[in-house]
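In UniProt numbering, the protein residues as written are 1 to 161.
So the structure is just underneath, and the comments pick up after that.
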């Protein structure tokens, strides 16, 4: 009987450990079962969204204020449309705020940074951020640098007088 109690105790302990790992994995991945009723949607259009993913964070002054919920192509303007889900407690963002795609570190994850504007009118559910800065693609930057350095001819040595 005592052996059976010990086995049940160990089983419950293992079950609790597995549930704790599952909860930790859900929190790290950004998935949650909580409803998103305390948020509002804002749209931003970018020329280049390279590396940005759904569930990327949206920050302002280094503080996370929302997340990216959808990325798709606008068929009219041929630009990338990003749907941002912002927290309701940040409901005073001016309509002339700027959204930029930034990189955490040199080669880290991409996220969106919001810079506050100065207008009196504020963003509401369904508003669009018009002033955006696209992602900086490291390969494009290296390519431009290499093309500039290849196109220059070396200077000939001047004879000393």
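Don't be surprised by glycine CBs; every beta carbon is placed ideally from N, CA and C.
- DSSP places residue 99 in the uninterrupted beta strand (DSSP E) bounded by 98-103.
- For residue 4, no beta strand (DSSP E) encloses it; the enclosing alpha helix (DSSP H) starts and ends at 2-29.
- The criterion of a C-beta distance shorter than 7 Å is satisfied by residue 84 and residue 58.
- Taken through DSSP and simplified to helix, strand or coil, residue 87 comes out as strand.
- Residue 141 counts as exposed, since fewer than 16 other beta carbons sit within 10 angstroms of its beta carbon.
- In this chain, the beta strand (DSSP E) harbouring residue 70 covers 63-74.
- Pairing residue 3 with residue 9, the inter-Cα distance amounts to about 10 Å.
- In chain order, 45, 80 and 81 place their CB closer than 8 Å to the CB of residue 74, counting only its own chain and leaving out the 5 sequence neighbours on each side.
- In the structure shown, the three-state DSSP call for residue 142 is helix.
- Nearest Cα to residue 86 within the set 40, 109, 16 and 119: 40.
- For the options 13, 112, 147 and 118, the alpha carbon positioned closest to that of residue 132 is the one of 112.
- Cβ atoms of residue 95 and residue 122 come within 8 Å of each other, at about 7 Å.
- For residue 49, the closest C-alpha among the options 147, 77, 102 and 19 is that of 102.
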